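> So the sequence lines, in the order shown, correspond to chains A and B.
All residue numbers for the first sequence refer to the numbering used here, where the first residue is 1 and numbers rise by one.
All residue numbers for the second sequence refer to the numbering used here, where the first residue is 470 and numbers rise by one.
All C-beta atoms in this analysis are idealised placements derived from N, C-alpha and C, irrespective of residue type, glycine included.
The structure displayed is predicted, hence computed values, not measured ones.
Got a structure for you, written out below as structure tokens; questions coming shortly.
Number of protein chains: 2
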Amino acid sequence: MERTFVADTLQKIGETVTLMGWVDNVRDMGKFGFIDLRDKTGKIQCFVGSKDDIQKVTVESVVEITGLVKARPEKMVNAKVATGTIELETQSLTLLNRAEALPIPVAGDGYDINEESRLKYRYLDLRRERLSKVLRTRSALVREFREYLYKDGFTEVETPILTASTKEGSRDFVVPSRMNPGKFYALPQSPQQYKQLLMTAGVDRYFQIARCIRDENLRADRGFEHTQLDVEMSFVNQEEIMTEIENLIKTSIQKMGGKLKDQVFPRVTYAESMEKYGADKFDLRTEEEKAEGVLAFAWVVSFPFFKKVDKEDAAEVADGKSGWTFTHNPFSSPIPEHIDWHLKGENVEQIVTAQYDLVCNGFEVGGGSIRAHNPEVLRSTYKIMGYTDEMIEKGIGHMLEAFKYGTPPHGGIGLGIDRLVMLLCGEASLKETIAFPMSYTGRTAVMNGPSELDPNFLKELGLEVIKKN
Amino acid sequence: MERTFVADTLQKIGETVTLMGWVDNVRDMGKFGFIDLRDKTGKIQCFVGSKDDIQKVTVESVVEITGLVKARPEKMVNAKVATGTIELETQSLTLLNRAEALPIPVAGDGYDINEESRLKYRYLDLRRERLSKVLRTRSALVREFREYLYKDGFTEVETPILTASTKEGSRDFVVPSRMNPGKFYALPQSPQQYKQLLMTAGVDRYFQIARCIRDENLRADRGFEHTQLDVEMSFVNQEEIMTEIENLIKTSIQKMGGKLKDQVFPRVTYAESMEKYGADKFDLRTEEEKAEGVLAFAWVVSFPFFKKVDKEDAAEVADGKSGWTFTHNPFSSPIPEHIDWHLKGENVEQIVTAQYDLVCNGFEVGGGSIRAHNPEVLRSTYKIMGYTDEMIEKGIGHMLEAFKYGTPPHGGIGLGIDRLVMLLCGEASLKETIAFPMSYTGRTAVMNGPSELDPNFLKELGLEVIKKN
Numbered sequence: 001m002e003r004t005f006v007a008d009t010l011q012k013i014g015e016t017v018t019l020m021g022w023v024d025n026v027r028d029m030g031k032f033g034f035i036d037l038r039d040k041t042g043k044i045q046c047f048v049g050s051k052d053d054i055q056k057v058t059v060e061s062v063v064e065i066t067g068l069v070k071a072r073p074e075k076m077v078n079a080k081v082a083t084g085t086i087e088l089e090t091q092s093l094t095l096l097n098r099a100e101a102l103p104i105p106v107a108g109d110g111y112d113i114n115e116e117s118r119l120k121y122r123y124l125d126l127r128r129e130r131l132s133k134v135l136r137t138r139s140a141l142v143r144e145f146r147e148y149l150y151k152d153g154f155t156e157v158e159t160p161i162l163t164a165s166t167k168e169g170s171r172d173f174v175v176p177s178r179m180n181p182g183k184f185y186a187l188p189q190s191p192q193q194y195k196q197l198l199m200t201a202g203v204d205r206y207f208q209i210a211r212c213i214r215d216e217n218l219r220a221d222r223g224f225e226h227t228q229l230d231v232e233m234s235f236v237n238q239e240e241i242m243t244e245i246e247n248l249i250k251t252s253i254q255k256m257g258g259k260l261k262d263q264v265f266p267r268v269t270y271a272e273s274m275e276k277y278g279a280d281k282f283d284l285r286t287e288e289e290k291a292e293g294v295l296a297f298a299w300v301v302s303f304p305f306f307k308k309v310d311k312e313d314a315a316e317v318a319d320g321k322s323g324w325t326f327t328h329n330p331f332s333s334p335i336p337e338h339i340d341w342h343l344k345g346e347n348v349e350q351i352v353t354a355q356y357d358l359v360c361n362g363f364e365v366g367g368g369s370i371r372a373h374n375p376e377v378l379r380s381t382y383k384i385m386g387y388t389d390e391m392i393e394k395g396i397g398h399m400l401e402a403f404k405y406g407t408p409p410h411g412g413i414g415l416g417i418d419r420l421v422m423l424l425c426g427e428a429s430l431k432e433t434i435a436f437p438m439s440y441t442g443r444t445a446v447m448n449g450p451s452e453l454d455p456n457f458l459k460e461l462g463l464e465v466i467k468k469n
Numbered sequence: 470m471e472r473t474f475v476a477d478t479l480q481k482i483g484e485t486v487t488l489m490g491w492v493d494n495v496r497d498m499g500k501f502g503f504i505d506l507r508d509k510t511g512k513i514q515c516f517v518g519s520k521d522d523i524q525k526v527t528v529e530s531v532v533e534i535t536g537l538v539k540a541r542p543e544k545m546v547n548a549k550v551a552t553g554t555i556e557l558e559t560q561s562l563t564l565l566n567r568a569e570a571l572p573i574p575v576a577g578d579g580y581d582i583n584e585e586s587r588l589k590y591r592y593l594d595l596r597r598e599r600l601s602k603v604l605r606t607r608s609a610l611v612r613e614f615r616e617y618l619y620k621d622g623f624t625e626v627e628t629p630i631l632t633a634s635t636k637e638g639s640r641d642f643v644v645p646s647r648m649n650p651g652k653f654y655a656l657p658q659s660p661q662q663y664k665q666l667l668m669t670a671g672v673d674r675y676f677q678i679a680r681c682i683r684d685e686n687l688r689a690d691r692g693f694e695h696t697q698l699d700v701e702m703s704f705v706n707q708e709e710i711m712t713e714i715e716n717l718i719k720t721s722i723q724k725m726g727g728k729l730k731d732q733v734f735p736r737v738t739y740a741e742s743m744e745k746y747g748a749d750k751f752d753l754r755t756e757e758e759k760a761e762g763v764l765a766f767a768w769v770v771s772f773p774f775f776k777k778v779d780k781e782d783a784a785e786v787a788d789g790k791s792g793w794t795f796t797h798n799p800f801s802s803p804i805p806e807h808i809d810w811h812l813k814g815e816n817v818e819q820i821v822t823a824q825y826d827l828v829c830n831g832f833e834v835g836g837g838s839i840r841a842h843n844p845e846v847l848r849s850t851y852k853i854m855g856y857t858d859e860m861i862e863k864g865i866g867h868m869l870e871a872f873k874y875g876t877p878p879h880g881g882i883g884l885g886i887d888r889l890v891m892l893l894c895g896e897a898s899l900k901e902t903i904a905f906p907m908s909y910t911g912r913t914a915v916m917n918g919p920s921e922l923d924p925n926f927l928k929e930l931g932l933e934v935i936k937k938n
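Okay, structure coming up:
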């Protein structure tokens, strides 16, 4: 018999339907009993007349129940439940998968369960209403973003996962090549260079829901992977791309039922932000707006292009000899008024980058810039950071070459999907928005990773594990 | 001034517009000249009255041209070009990025250029009309697939890139963990286990445009990465999921303008296919249908679950002691009629798996199955393949455990996006459908990967490269 979803039973009073789902609750009354059956659309009370049926089911078992949808007598109506006006009179019950006692509860919000258990049994954790709603919200938000961009002439393009190291400021994860023992691919920290090359290729308007993978120190709410809505546009200036992204965000968030504090996102310079808030991100909401669940977006602009390098950063970024490194993105352009300084390497501390960060409720939710499409501007960025010609050629020679063959002015942004979903759902951690997040100790959810490799496999990769003394 | 796309100029006769794009062609007539300007929507002839302007541009330079859209006199109309009835009379021309002489031509289909050059200069290769159309077709096809599934109640869920080894029949790429020196993550060969766990989690209908990464021997037309439309559904039988997928394909392909040979996809058993075509994939088209560009989809069903292991496969798959390995997917269920044999390990060579492969024009374009959601059925699969209890626990213990806590009957499929785009575009190689494919020798496009690592970086990973003698 065809399956009916719980939410549709309200329209089927007097009909016989077949429901499939989980046993949310069982009440054994002796000779009969009640089951609350749950599917992704809701819950419904099922009267079960068979003692055997009631005794064979356990909480969280999977069942198929065929029965008659009946209106409840008025005094039995439960106004707290969407299907509280009806009940299913069970005619037959099939136990599709019997559940043993669960290691973690799936009722409640689950915040009080320790991370290790929640991630080991993530497939149970995700059954709770809160998280199942987060997954659906995430899917729906990404759908809105995509549809907006498709309609605006954007082309979605996938870029490689196995790529080359691009030194974007974090450490790369690397992947040994069996075909080239001793050599390594890198996983993408972002599709930055590929998306710029797509502009050189004439794609004009690109987007991708892109996985970014960075070997950063883990924090309580962050794993090694995050997802960004990655956008790049040709023939735009800073104003045009900020308008495009602001409209994208406003349209999509409002279609999702999100409330915005401002229909025009305030713009704050980096200097103002540091002076007023002591940071480059801030929360513009009043206490009342916080309680209302309002989203307060704002742009931060006019960042310095360069900063003095600390010892720690120097090791990671350039050779550190010049004392300068980029604050945001080495592929950015200075603002038009500062290109002369930039090309001459003058007034380095005063050069402003054509960067725009999007903040919301005190978090950074996106960042982008107009890029240097003139190879001499890009070369100057690296010169200022102390790179020799040889280092520049080795590091970004392919980009400098591409920019010699007709590259349009372009710019883009990366918007943090995890962060936006977190704010939209009123969650406090990025991990609540990810189906299978990594633990704080770098363990994969459910499965046993990372793990040791077979020594023969390792040998084929041309590698040996260093033995500890 | 606001940008106008070339395709929109036809509606703007008598108006002054600003176009931005590439110089497709220059004809220097001495005191004046002509430029064909190209953007992603088309090409238009621009009359340039300034000798200086004509002399400063080169082919493939990026320009901004403001001018008056004029109808051409009837005898000057070029019927071969979409904009052949008009011409732009240039008022001002700005050179946005001057192109040096290109290392490869961007006109023509590019098939005759060697792979190395095409991939090194992929950002130029993609400018050719053929490939720019393939990228747009790919984006549009994926959009159709997504919209069909969203409307049918599917939730899109992302699964991890850094995961644990799952032994799906190919070799894993591995990623050393800096946090756990000497230990490794694996990149996903497919989201097989995660999507099944999402069914345990109650997601009910899942999809993802998923990257699958396998360390397989490279072929001329295949790199290490491919993209699949990954689908999984709960509470379905084989017939229901095949119908769902058939409708998805038919609707999406026809919306894209693709022509189908059959409105009902023929179903062929594995045995019939082997007897008639000598293979488990086949091309049902007549010569006439081939010329028409028809897509001939068909299902192949009733595959044997197990096959005798060769020496080579044994090393990769199980311990090989039993002599049996799976033909398609160890997580599949046998067909209902053969579950008894399966549980008892009897008549192994006769057990049929609930597997369905989708073929088109002689290629496999997808494969899926109803899964074993009963832990004893899954355990039997591994027992038949000669796994000990300890090996089973280590390999799939987490799946067996998940299936004890209420897992619905479920099944799914993976459809090869690269292959479908290839067939839809009439291309002969998967690489023609990928923005930045890998070379036959495992080199990344444009960028220099794989490459050697800094020894200090390697040390932090707890690794050493074995020196060659």
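CB A:Ala305 to CB A:Thr327, shorter than 8 Å?
For the sequence presented, residue 305 of chain A should be read as Phe rather than Ala. In this structure, A:Phe305 sits near A:Thr327, with a CB-CB distance shorter than 8 Å.
> From A:Lys308 to A:Gly169, what does the alpha carbon distance come to, in whole angstroms?
14 Å
> Which chain B residues sit within Cβ distance under 8 Å of A:Ala99?
Close to A:Ala99, with beta-carbon spacing below 8 Å, are these residues of chain B in chain order: Lys873, Tyr874 and Gly875.
> Output, in sequence order along the chain, the residues in the segment 596 to 613 of chain B whose CB is closer than 7 Å to any CB in chain A.
Arg596, Ser601, Leu604, Arg605, Ser608, Val611 and Arg612
> Please list, in chain order, the chain B residues whose beta carbon lies closer than 7 Å to that of A:Phe436.
Within 7 Å Cβ-Cβ: Thr628, Pro629 and Tyr663.
> If you count every other CB in all the chains shown that lies within 10 Å of the CB of A:Gln189, and 16 or more means buried, which is it?
With 16 or more other Cβ atoms within 10 Å, it is buried.
> State the Cα-Cα distance for the pair B:Glu526 and A:Lys404, rounded to the nearest angstrom.
Here residue 526 of chain B turns out to be Val, not Glu, going by the sequence shown. Going by the C-alpha atoms only, they are around 13 Å apart.
> Do A:Thr286 and the ligand GTP come close, with the Cβ less than 7 Å from some heavy atom?
Of ligands this structure carries none, so the ligand GTP is not represented either.
> Are B:Asn798 and B:Gln819 close, meaning C-beta to C-beta below 8 Å?
Remark: C-beta atoms of B:Asn798 and B:Gln819 do not approach each other more closely than 8 Å.
> Between which two residues does the beta strand (DSSP E) harbouring B:Lys777 extend?
Phe775 to Lys777
> Report the rounded CA-to-CA distance for B:Arg888 versus B:Ala689, giving the unit in angstroms.
14 Å
> Ignoring anything shorter than 3 residues, give me the beta strand (DSSP E) runs that lie fully in the segment 709 to 739 of chain B, in order along the chain.
736 to 738
> Between B:Thr696 and chain A, is the shortest Cβ-Cβ distance under 8 Å, so that the two count as touching?
Judged by the 8 Å Cβ criterion, B:Thr696 is in contact with chain A.
> Please identify the residue among B:Ile714, B:Ala568, B:Val495 and B:Leu729 whose C-alpha is closest to the C-alpha of B:Val763.
Cα-wise, what sits closest to B:Val763 is B:Leu729.
> Can you pull the chain B neighbours of A:Thr163, defined as C-beta to C-beta under 7 Å?
Thr913, Met916 and Gly918
> List the residues that DSSP assigns as beta-bridge partners of B:Pro645.
Beta-bridge partners assigned by DSSP to B:Pro645: B:Phe653.
> Using the rule of at least 16 other Cβ atoms within 10 Å of the residue's Cβ for burial, across every protein chain shown, is B:Gly435 buried or exposed?
The structure shown has nothing for residue 435 of chain B, since chain B only spans 470 to 938.
> Can you list, in chain order, the residues of the segment 578 to 596 of chain B whose Cβ is nearer than 9 Å to any Cβ on chain A?
Per Cβ criterion, the list reads Lys589, Tyr590, Arg591, Tyr592, Leu593, Asp594, Leu595 and Arg596.
> How many Å lie between B:Leu847 and B:Glu701 at the Cα?
18 Å
> Using the beta-carbon of each residue, which ones in chain B are nearer than 8 Å to A:Thr16?
Result: empty, since nearest Cβ-Cβ is about 18 Å, beyond 8 Å.
> What residues of chain B sit near A:Ala186, judged by a beta carbon separation below 8 Å?
Gly918
> Rounding to the nearest angstrom, what Cα-Cα distance links A:Lys40 and A:Asp283 in this structure?
35 Å
> What residues are listed by DSSP as bridge partners for B:Pro803?
B:Thr822
> In this structure, how does DSSP classify B:Ile678 when only helix, strand and coil are distinguished?
strand
> Measuring only between beta-carbons, confirm whether B:Phe704 sits less than 8 Å from chain A.
Contacts with chain A at 8 Å (Cβ-Cβ) include B:Phe704.
> Would B:Phe614 and B:Leu667 qualify as a contact pair, given that the criterion is a beta-carbon distance under 8 Å?
no
> Which residues does DSSP pair with B:Asp673 in a beta bridge?
DSSP, once it has assigned bridges, lists no residue as partnering B:Asp673.
> Any C-beta of chain B sitting closer than 8 Å to the C-beta of A:Asp39?
Chain B, which has a Cβ nearer than 8 Å to the Cβ of A:Asp39, makes this yes.
> The segment 212 to 227 of chain A: which residues have C-beta closer than 7 Å to a C-beta of chain B, in chain order?
If you check each beta-carbon in the segment 212 to 227 of chain A against every beta-carbon of chain B, the ones closer than 7 Å belong to Ile213, Asp215, Phe224, Glu225 and Thr227.
> On a Cα-Cα basis, can you pick out the residue from A:Tyr382, A:Thr227, A:Met20 and A:Leu10 that is closest to A:Glu2?
Minimum Cα distance to A:Glu2 is reached at A:Met20.
> Quick one: which chain B residues come within Cβ less than 8 Å of A:Leu463?
Leu932, Glu933, Val934 and Ile935
> Opposite A:Cys46 in the DSSP bridges: which residues?
A:Ile35 and A:Leu88
> Buried or exposed: where does B:Ile839 fall if 16 or more other Cβ atoms within 10 Å of its Cβ makes it buried?
buried
> Which class does B:Leu586 belong to by DSSP, given the choice of helix, strand or coil?
Note on identity: in this sequence residue 586 of chain B is Ser, with Leu being the wrong assignment. Correct three-state label for B:Ser586: helix.
> Whose CA, out of B:Gly536, B:Pro645 and B:Phe905, lies closest to the CA of B:Glu585?
B:Phe905
> Starting from the Cα of A:Phe47, find the closest Cα among A:Val26, A:Pro266, A:Thr269 and A:Tyr185 and give me that residue.
The candidate whose alpha carbon is nearest that of A:Phe47 is A:Val26.
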